[in-house]
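Below is one structure; the comments refer to it alone.
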Amino acid sequence: MQVQNDPRQAGAAALVPSSPEEGEYAPGNALEHWLNVQCGMISGLQRALLLRISPDRKNALLEASWPELLVAGDNLIAKSLFASLKNETQLEEYPGEDDRDTSIRLYHPIEVSKQEGVRFVAVLEMDGREPAERAAVVKLLGWNSEWLRYTLTSATPEQERTLSSVFSMTLACLEREDFQSAATVLVSTLVEQFSCQRVSLGLCRGRHVEVQVLSHSARFKQEANLVQAISAAMDEAVDQDVLVVYPDRDAESGRITLAHAELSRQARMGTIVTLPLSEAGEVVGALTLERSVSLPLTDGEIHAIEQLGALLAPVLALRHREERSLAVKAGHSLALQARRLFGPEHIRMKLVAACAALLLAFFSVAQGDWRVTADAVVEGSVQRTVSAPIDGYIATVESRAGDVVEAGQRMGSLDDGDLRLQHLKWSTLRQQMVSELREAMAQHDRTQVNIINAKIEQADAELKLIDEQLSRTVLLAPYAGIVIEGDLSQLLGTPVSRGDPLFKVAPLEDYRIILNVSEADVMPVAAGQSGRLVLAAMPDKPLAFEVAKVTPVSTAEGGRNYFRVEAALTETDTLLQPGMEGVGKIEVGEANLFWLWTRDLLNWLRLQAWTLWR
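Residue numbers for the sequence shown follow the numbering used here, beginning at -6 and rising by one.
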């Protein structure tokens, strides 16, 4: 099928049947097998197509489709040509069968031969998924594109027949969800496909290769000598990073085969092939195949083994990494970052690490001001409470909270009606007793005179007490200041008892600061230290203060313990009033900047360590 199309034009031609002309690239069945492998590896796939792009990037030839013969629309063809022209993977979202779902269409360009102009575009339609899953699909296609490129440029017609079986083995391995089962299927299938006596798969552990799976042997670790010989052969191939065939068919290749010769002697095998498995340019393991001396491996079979290793190595390595424990994954990630940091590449990472190291070194030696921060409130240095002098009722109110009063100024009064009635009562009784006293004196009755004099003295004392109480019914300001508590304007006629607080008065120009310091920060705070206070009402005017006293008693508030620290202002402001709140910072000295920033965390860790382990 062929189409004439230019992605920069508004329209696109339809895909029409055609046959390859003489001299055109004919990849055979490899493309169909490759596309089937991709569809088996990616879940949630709806359909897939593989289009070959002509050298002028205006024609498209449909080479393969999945799951059946499909027809590509104009928009799909135009996007494929555009992806090939940009040489970048393109993503397109479109509504799924359910309007609430979203599907995606992925266009992945594959350049097989730049000189010959052989290019393909793989089109995959799948269910909508997260960005990380989309990136994983693109990465998988990138891995398999390398394999496809190598196959199409180097495979011969004879090798294509062998590659068909390679695809079957690949699909069988991909059906397994864990590394162990996939590796077991791989070695078992290789034994049957290539008529091998034994196939072994190993993974790199540090500087050595450790055998993971041995065909037809579930407990191969008991055969220590044999496993050690296989591991040595794998090490030999991995160290040289080449495919090792024993006996070596090319005497001038210079490949070392001592370990393979020893393995052949112990196992009594005629032909041994070890293939290093690589992922992203890094060797991750090795595959060893052993055959009898009467049935050596052909070049086509060796080529198929190379193709299979190139295809499955990334998948097996990925599944093995996913099965590792969290600690092993963290260690591997740290080792990878260390290699990047100290390796020859990743200049940007090295610059960032160098800058971070310089900053850490600077802050480890630099000194800074150590300040203890605490919530603060302004109070008067002296607060006087004007309380009810007697039991009574509120008669008048002339001041309330916020008013400025002078010393002796009338602030209110209590009802004195009952006291005046008592005063009249005792005054009348006294006058009556004075008359009785005169009459007794006239009769020279000394006994009666003494009794009446005592009653007169009692009346005088009662009158004096009533006069004192009458004078106290007027509430006077104790000194010049501001009323910070007390609003009795809505309580006229309300009864009060003797001693009930009615007003609180604080001086206008004599204040103190109360700081609530957390118990975690109170240790370095001491009297005489200076600090700065910023109030919410005056954020642009910091006020200096000096610590006067640290109260050695904590109070709980909001689930935390605080110590009350009193401080005296060394500078004041006319707008300052009691009750204002803000934040104060106490200068307690100098300390290392890094320690200052991590002090809270370190203290918390020490406390947790003490709680849990000591």
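The beta carbon of each residue, even a glycine, is placed where N, CA and C say it ideally should be. All of these numbers come straight from a predicted model, not from anything done at the bench.
- Identify the continuous beta strand (DSSP E) that holds G582 and give its terminal residues. Residue 582 sits at position 589 when you count from the first residue of the sequence shown. First-last of the beta strand (DSSP E) with G582: E574 to N585.
- Message: Per DSSP, what are the beta-bridge partners of N554 in this structure?
- Response: For the purposes of this step, residue 554 is taken as the residue at position 561 of the sequence shown. Looking at the DSSP assignment, N554 forms a beta bridge with A549.
- Look up R465 in the DSSP assignment and say whether it is helix, strand or coil. Stepping through the sequence shown from its first residue, residue 465 is reached at position 472. In the structure shown, R465 sits in a helix (DSSP, three-state: H, G or I).
- Task: Along the beta strand (DSSP E) that carries I475, what are the first and last residues, could you check?
- Result: Residue 475 sits at position 482 when you count from the first residue of the sequence shown. I475 -> beta strand (DSSP E) spans G474 to E478.
- Task: Please name the residue or residues paired with A310 in a DSSP beta bridge.
- Result: Locating residue 310 in the sequence shown gives position 317, where the first residue counts as 1. According to DSSP, which records beta bridges pairwise, A310 is partnered with nothing at all.
- Message: Quick check: is the beta carbon of A252 nearer than 8 Å to any beta carbon in chain C?
- Response: Of the protein chains in the structure, only one exists, and it is not chain C.
- Item | Coil, strand or helix - P124 by DSSP | Counting from one through the sequence shown, the residue named residue 124 turns up at place 131. DSSP places P124 in helix when its eight states are reduced to three.
- Sort out for me which residues DSSP pairs D362 with in a bridge. Position 369 of the sequence shown, counted from the start, is the residue given in the question as residue 362. D362 pairs with E583.
- Rank V111, R112, V131 and A125 by C-alpha distance to the C-alpha of E118 and give the top, closest one. Translated into positions along the sequence shown, residue 118 becomes position 125. Comparing Cα positions, the closest option is V131.
- Query: In terms of alpha-carbon separation, which member of S58, G37, L38 and V576 lies closest to H26?
  - Reply: Translated into positions along the sequence shown, residue 26 becomes position 33. Out of S58, G37, L38 and V576, S58 has the C-alpha closest to the C-alpha of H26.
- Helix or strand or just coil, what does DSSP make of L490? As a position in the sequence shown, residue 490 is number 497, starting the count at 1. The residue you asked about is not Leu; residue 490 is Ser in the sequence shown. Note: S490 maps to coil in three-state DSSP.
- Message: Pop quiz: E478 and K457 are said to be a contact at Cβ under 8 Å. What is the actual Cβ separation, rounded to whole angstroms?
- Response: In the sequence shown, residue 478 corresponds to position 485, counting from 1. In the sequence shown, residue 457 corresponds to position 464, counting from 1. Not a contact, Cβ separation roughly 33 Å.
- Task: Could you check the C-alpha separation between A230 and D292 for me, to the nearest Å?
- Result: Indexing the sequence shown from 1 puts residue 230 at position 237. Indexing the sequence shown from 1 puts residue 292 at position 299. Roughly 18 Å separates the two Cα atoms.
- Report the three-state DSSP secondary structure of S511 (helix, strand or coil). Taking the first residue of the sequence shown as 1, we reach residue 511 at position 518. S511 falls in the strand class under three-state DSSP.
- Query: Does the distance from the CB of A310 to the CB of V358 come in under 8 Å?
  - Reply: Along the sequence shown, one-based indexing puts residue 310 at 317. Along the sequence shown, one-based indexing puts residue 358 at 365. Not a contact, by the Cβ cut-off of 8 Å.
- Item | Span separating the alpha-carbon of E461 from that of K418 | What you label residue 461 is simply residue 468 of the sequence shown in a count that begins at 1. What you label residue 418 is simply residue 425 of the sequence shown in a count that begins at 1. The alpha-carbon atoms of E461 and K418 are separated by roughly 16 Å.
- Message: Would G373 and A499 be called neighbours here (beta carbons separated by less than 8 Å)?
- Response: In the sequence shown, residue 373 corresponds to position 380, counting from 1. In the sequence shown, residue 499 corresponds to position 506, counting from 1. Yes; because the gap between Cβ atoms is below 8 Å, this pair is in contact.
- Going along the chain, which residues of its own chain have a beta-carbon closer than 8 Å to the beta-carbon of A346, five neighbours each way excluded? On the sequence shown, residue 346 is found 353 positions in, with the first residue counted as 1. Closer than 8 Å at the Cβ level, and outside the excluded window around A346, lie L334.
- Task: Give, in chain order, every unbroken run of the beta strand (DSSP E) that is at least 3 residues long and sits entirely within the region 394 to 477.
- Result: 403 to 407 and 467 to 469
- Query: Which two residues bound the contiguous beta strand (DSSP E) that contains Q221?
  - Reply: As a first step, residue 221 must be located in the sequence shown, where it is residue number 228. From DSSP, Q221 is part of no beta strand (DSSP E) but of the alpha helix (DSSP H) over A217 to Q233.
- Query: Which of the three DSSP states, helix, strand or coil, is assigned to A323?
  - Reply: Translated into the one-based positions of the sequence shown, residue 323 becomes position 330. Three-state DSSP puts A323 in a helix.
- Where do the N-terminal and C-terminal ends of the beta strand (DSSP E) with T389 fall, by residue? As a working mapping, residue 389 is identified with position 396 in the sequence shown. Element bounds for T389: G385 to V390.
- Query: For the candidate residues Y472, I46 and T563, whose alpha-carbon lies nearest to that of R671?
  - Reply: Nothing can be reported for residue 671: it is not among the residues displayed for the chain, which extend from -6 to 607.
- Message: Given a cut-off of 8 Å on the beta-carbon distance, is the pair V397 and L501 in contact?
- Response: The count along the sequence shown starts at 1 and reaches residue 397 at position 404. The count along the sequence shown starts at 1 and reaches residue 501 at position 508. It is a contact, given that the beta carbons lie within the stated cut-off.
- Do the CB positions of E46 and S77 come within less than 8 Å of each other? Looking up residue 46 in the sequence shown gives position 53. Looking up residue 77 in the sequence shown gives position 84. Looking at the sequence shown, residue 46 is not Glu but Ile. Yes.
- Go ahead and pull the three-state DSSP assignment for I298. Numbered from 1 along the sequence shown, position 305 holds the residue referred to as residue 298. I298: helix per DSSP, three-state reduction.
- Item | Three-way DSSP call (helix, strand, coil) for W603 in this model | In the sequence shown, the residue the question calls residue 603 occupies position 610. Reduced to three states, the DSSP call for W603 is helix.
- Which partner residues of W59 appear in the DSSP bridge assignment? Start at 1 with the first residue of the sequence shown, and residue 59 comes out as number 66. Partner(s): A41.
- Message: Does V518 come out as helix, strand or coil in the three-state DSSP assignment?
- Response: Residue numbering aside, residue 518 sits at position 525 when the sequence shown is read from its first letter. DSSP places V518 in coil when its eight states are reduced to three.
- Message: Using a Cβ distance threshold of 8 Å, determine whether the region 203 to 211 contacts the region 179 to 193, with at least three qualifying pairs required.
- Response: yes
- When you compare only the Cα positions, how much space is there between D438 and A447? Position 445 of the sequence shown, counted from the start, is the residue given in the question as residue 438. Position 454 of the sequence shown, counted from the start, is the residue given in the question as residue 447. If you take the alpha carbons of D438 and A447, they lie about 15 Å apart.
- Task: Using 10 angstroms around the beta-carbon of W606, count the other beta-carbons present and answer buried if the total reaches 16, otherwise exposed.
- Result: As a working mapping, residue 606 is identified with position 613 in the sequence shown. When all chains shown are included, W606 counts as exposed.
- Item | Contact check, C189 vs V178, beta carbons under 8 Å | Residue numbering aside, residue 189 sits at position 196 when the sequence shown is read from its first letter. Residue numbering aside, residue 178 sits at position 185 when the sequence shown is read from its first letter. Contact flag unset, no.
- Task: Tell me V379's beta-bridge partners as DSSP assigns them.
- Result: What you label residue 379 is simply residue 386 of the sequence shown in a count that begins at 1. Beta-bridge pairing links V379 to F496.
- Item | Span separating the alpha-carbon of T591 from that of G577 | Reading the sequence shown from its first residue, position 598 is the one you call residue 591. Reading the sequence shown from its first residue, position 584 is the one you call residue 577. One C-alpha to the other measures close to 21 Å.
- Roughly how many whole angstroms lie between the Cα atoms of C348 and A354? Taking the sequence shown and counting its residues from 1, one reaches residue 348 at position 355. Taking the sequence shown and counting its residues from 1, one reaches residue 354 at position 361. Distance between the alpha carbons of C348 and A354: 10 Å.
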